[in-house]
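Asker: Take this structure, written in structure tokens, and hold onto it; I'll ask about it next.
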Amino acid sequence: MAGPRDRRNFARLVRRMDQEKGYAMKIRIYAGLAAAVMALGMAGAHAATTDTALATTDMTQMLAAIAHPDYAKFVAPASPAFKASVDATKFAAQAQAIDSKIPLAQPYTVKFVTTQKVGAYLTYIYEITLHDGDQVLTGLTLQGGKVAGFHLL
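Numbering (the working numbering), first residue to last: 61 to 213.
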């Protein structure tokens, strides 16, 4: 994204071109800027798609680890701080308690809904549709490509 300095420099360039009546040059610059903006937008869209795919894979893995209590699988995509916050000795009981309310051992679907950015953290929001049609929202927070938070909303 262009900063104030870039916008001022661009405005100066346009004024100078207008003064010199360099209309052909102005058209070439506008075309070049349009191509650059499109290329940057596509690169950003690709990065966002890749990040969403990573988050979806992590979410699916973590839900499966809750359904069939597997601490190692649950914390595999997690950051060291997240791993430290999940007590391995209590995980099975916590997973069983969650599964009794949200039956993840039964078939379910995971659908990406949106993202929410708060500070340095980006949370991916998912809609989990259970076998009986009930729905649960979940959030997976990534930081640096690692899971920093997992939330049942």
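Every residue gets a Cβ at the ideal spot worked out from N, C-alpha and C, and that includes glycine. Note that the coordinates shown come from a computational prediction; the quantities given were computed from them, not determined experimentally.
Compute the Euclidean distance between the alpha carbons of Ser145 and Met119, then round it to the nearest angstrom.
Answerer: About 18 Å.
Asker: Just to confirm the assignment, what range does the beta strand (DSSP E) spanning Ala165 have?
Answerer: Note, Ala165: premise wrong, no beta strand (DSSP E); not H, not E.
Asker: In the DSSP output, what is Gln203 paired with across the bridge?
Answerer: DSSP lists Lys206 as partners of Gln203.
Asker: Among residues of its own chain, excluding the 5 on either side of Ala180, which ones have a beta-carbon nearer than 8 Å to its beta-carbon?
Answerer: Correct list, in chain order: Gln203.
Asker: Since Ala155 contacts Pro129 with CB under 8 Å, what's their CB separation in whole angstroms?
Answerer: Indeed, because the Cβ distance is near 4 Å, the residues count as touching under 8 Å.
Asker: Decide if Thr149 is buried, meaning its Cβ has at least 16 other Cβ atoms within 10 Å, or exposed.
Answerer: It is exposed - the Cβ of Thr149 has fewer than 16 other Cβ atoms within 10 Å.
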